[in-house]
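Novice: Shown below is the structure under consideration.
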Amino acid sequence: MGNLMGFLTFFMWIVSMLLEDRSVNPDSLNRHKQTPLMLVAMHGKIDCVKKLIEANANILMFDSPNGRTCLHYAAYYGHSDCLETILFAARTSHVAASWC
């Protein structure tokens, strides 16, 4: 468990550093077609969720193998704070207009 926590802390630092450099795409995909927003929602890293949303990460992206979004990951792993933050961002952004 200690190694995982260290990794996640390091990951949060990496996300922060990369997002300071505006040339980094917040919707980059890993080999499982998951975005950084999906990964931090999966692990309940609310600060990273907020940073990625501020960097205009696309909350509507689906991972190809399973058809899941960051909302699915936050809900499945029980991270209600991440879920609420993502839903709030959806209501207050261009996403809301696309649902009308």
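Note that the sequence shown covers residues -26 to -1, 1 to 74 in mature numbering (1 follows the signal peptide of the UniProt record, and there is no 0). The beta-carbon is built from N, C-alpha and C at its ideal position, and this holds for glycine as well. Here the structure is a predicted model, which means the values were calculated and not measured.
Can you give me the Cβ contacts of isoleucine 27 inside the same chain, cut-off strictly under 8 Å, excluding the 5 residues immediately before and after it?
Specialist: Leu11, Ile33, Thr59, Ile60 and Ala63
Novice: Suppose the cutoff is 6 Å on Cβ atoms and the five residues either side in sequence are ignored; what does the same chain contact list for lysine 7 look like?
Specialist: Asp37 and Ser38
Novice: Sorted by chain position, which residues of the same chain lie with C-beta nearer than 7 Å to leucine 3's C-beta, five sequence neighbours on each side aside?
Specialist: Same-chain partners within the cutoff: Thr9.
Novice: So tyrosine 50 is in the alpha helix (DSSP H); what residue range does that whole segment cover?
Specialist: 44 to 50
Novice: Where does arginine 5 sit, in a helix, a strand or coil, going by DSSP?
Specialist: In this structure, arginine 5 counts as coil in the three-state DSSP scheme.
Novice: Starting from threonine 66 and walking both ways along the alpha helix (DSSP H), at which residues does that stretch end?
Specialist: If you look at threonine 66, you'll find it isn't in any alpha helix (DSSP H); DSSP assigns it neither H nor E.
Novice: Which value, in whole angstroms, describes the spacing of the CA atoms of histidine 14 and tyrosine 47?
Specialist: The identity of residue 14 in the sequence shown is valine, whereas the question assumes histidine. Spanning the alpha carbons of valine 14 and tyrosine 47 requires a straight line of approximately 9 Å.
Novice: Measuring CA to CA, which of Asp1, Cys44, Asn40 and Val(-3) is closest to isoleucine 20?
Specialist: Cys44
Novice: Using 10 angstroms around the beta-carbon of arginine 5, count the other beta-carbons present and answer buried if the total reaches 16, otherwise exposed.
Specialist: Result: exposed.
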